[in-house]
Amino acid sequence: MSVDRKKLEALLQWYQQEVGENLIAALIVNREGLVMSALKGSSDTEVEEDVIGGVSALVEPVLTRITEEFSSGSFGTGTFDTEDQRFIFCEAGPEAIFVTVLTSVAMVDPVFPYAYLAAEKIARIFDGRSVSPVIPKLITDSQSHDIERKVDKLQKIKIQSGEYAFKLILGGEGGVGKTSMVHRFVEDSFQTDYKSTIGTSIMKKECEFQGLESKVRFVIWDLAGQAQFKRVRQTYVSNAEAGILVYDVTRKETLDSLENWFKEIKSVSPKISLILVGNKIDLEDERVISTAQGEELALKLSLSYIETSAKTGENINDAFKMLALQILKRFIFTEEV
Ligand code: GDP
Ligand code: MG
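Our numbering applies: residue 8 is where the sequence shown begins, and numbers increase by one.
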């Protein structure tokens, strides 16, 4: 079966755009270590003009070690540092490895969720399944710790074992599509419970992460009506670990009101992980808020950003996965191989 190379290239391009200036290169290699697709980043380094040749020369010694690891079974995800570069390796299904090459000053930790998400998409492309090449907007969280730089050491990235369950809430004006997003996301494993006292539906959904041996269970609280909201707000928001702030790309006021939601949620649950979502992108003709405007708010609030359609399902799973990875990042540890 032939692989959709155009899709792979589109994905790498998105990745480059989102990871930004610290990216030296991104490569997709097969299990024999052969480069299948590669892209040179904007970072000003000594990578040769011949992109694939230059990059693979750079990556080759490391790749040899990685593929040796691969031949003995599943590798998962890992990092490797040289004097001048930092590498992130992610298993991308049974056939490919996704390699990110960063400058030595880059942080691995914030890039990891994006590399992981990109690797999952690559695995899906290899399987011939449909996949959106969109990578959410990367926001570097300045407070996050980072994986220690250990030159010439292969380090496996692991998540502290255990079942993780997180309360997830949704913020945003009525009618932006919060309930529709949740229903899309939980459609297969629909478990619902209704708390009439606070007018909230509670749904559970598990997210699995290949090669990380971790599962995340979201316990999603969705407010049924907006009317009672003021009265129940505190209960709704308190103890939430994750939240999605949603606006409707066809209504400007829904974007403007999100800053207040942000402040209020943060004041009740300061440690919450949040992402920003622009929903209803299927309504192209009615759209009034551009991607750039959404990203502007995301940057201001230091949130990751993704655009979705609950109607078509586009990027819905990625939005939740992104959020899960953002939280899992806190439980990362590394093990030298
Ligand atoms: P909530 O009040 O934020 O929970 O919003 P709902 O999920 O109840 O959705 C409000 C309305 O928007 C409903 O009529 C949905 O069918 C519609 N809707 C939700 N998401 C989308 C979307 O992505 N595209 C379109 N075209 N309509 C949507
Ligand atoms: Mg609703």
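Backbone N, C-alpha and C fix where the C-beta goes; we use that ideal spot for every residue, glycine too. Owing to the predicted nature of the structure, the values given are computational and were not obtained by experimental measurement.
- Here K287 is not near S264, since their CB atoms are 8 Å or more apart.
- Burial check for A103: the Cβ neighbour count within 10 Å reaches 16 or more, so the residue is buried.
- Residues of the same chain with a CB within less than 7 Å of the CB of T186, apart from the 5 flanking positions on each side, are D229 in chain order.
- Of the residues V256, F225, Y22, the one whose Cα lies closest to the Cα of Y171 is F225.
- Checking the 7 Å criterion, the Cβ of L290 is within range of a heavy atom belonging to the ligand GDP.
- Here the distance from the Cβ of K318 to the nearest heavy atom of the ligand MG is not below 7 Å.
- In the DSSP assignment, A32 falls within the unbroken beta strand (DSSP E) covering 30–37.
- Secondary structure of I323 (DSSP, three-state): helix.
- For R258 and K307, the gap between their C-alpha atoms comes out near 20 Å.
- Counting only runs of 3 or more residues that sit fully inside the segment 213–270, the beta strand (DSSP E) segments are 221–230, 249–255, in chain order.
- The segment 132–141 and the segment 174–191 do not touch, with fewer than 3 CB-CB distances between them shorter than 8 Å.
- Taking I227 as reference, the option from R238, G218, S221, N246 with the minimal CA-CA separation is N246.
- The secondary-structure analysis by DSSP pairs S311 across a beta bridge with I282.
- For V183, the distance from the CB to the nearest heavy atom of the ligand GDP is below 7 Å.
- Here the alpha carbons of I313 and G285 stand approximately 7 Å from one another.
- In this structure, L34 sits near V42, with a CB-CB distance shorter than 8 Å.
- The shortest C-alpha to C-alpha distance from Q24 to any of A122, S168, K270, F216 is the one to A122.
- About 13 Å separates the beta carbons of A299 and L283, which is beyond the 8 Å limit, so they are not a contact pair.
- The shortest C-alpha to C-alpha distance from E76 to any of L175, D88, G40 is the one to G40.
- With a cutoff of 8 Å on beta-carbon distance, F94 and V69 are scored as near each other.
- The Cβ-Cβ distance between T110 and I31 falls below 8 Å.
- By the neighbour-count criterion, in which 16 or more other beta carbons inside 10 Å mark a residue as buried, G169 falls on the exposed side.
- Scanning its chain for C-beta atoms nearer than 8 Å, with the 5 sequence neighbours on each side dropped, one finds no residue around S274.
- For the ligand GDP, no non-hydrogen atom lies closer than 7 Å to the CB of G250.
- Inclusion of T186 in the 7 Å shell around the ligand MG follows from its C-beta lying nearer than that to a non-hydrogen atom of the ligand.
- Residue pairing by DSSP places D88 opposite R93, V158 in a beta bridge.
- Residue burial is scored here from C-beta neighbours: G182 has fewer than 16 other C-beta atoms within 10 angstroms and is therefore classed as exposed.
- S187 sits in a helix when the DSSP states are folded into three classes.
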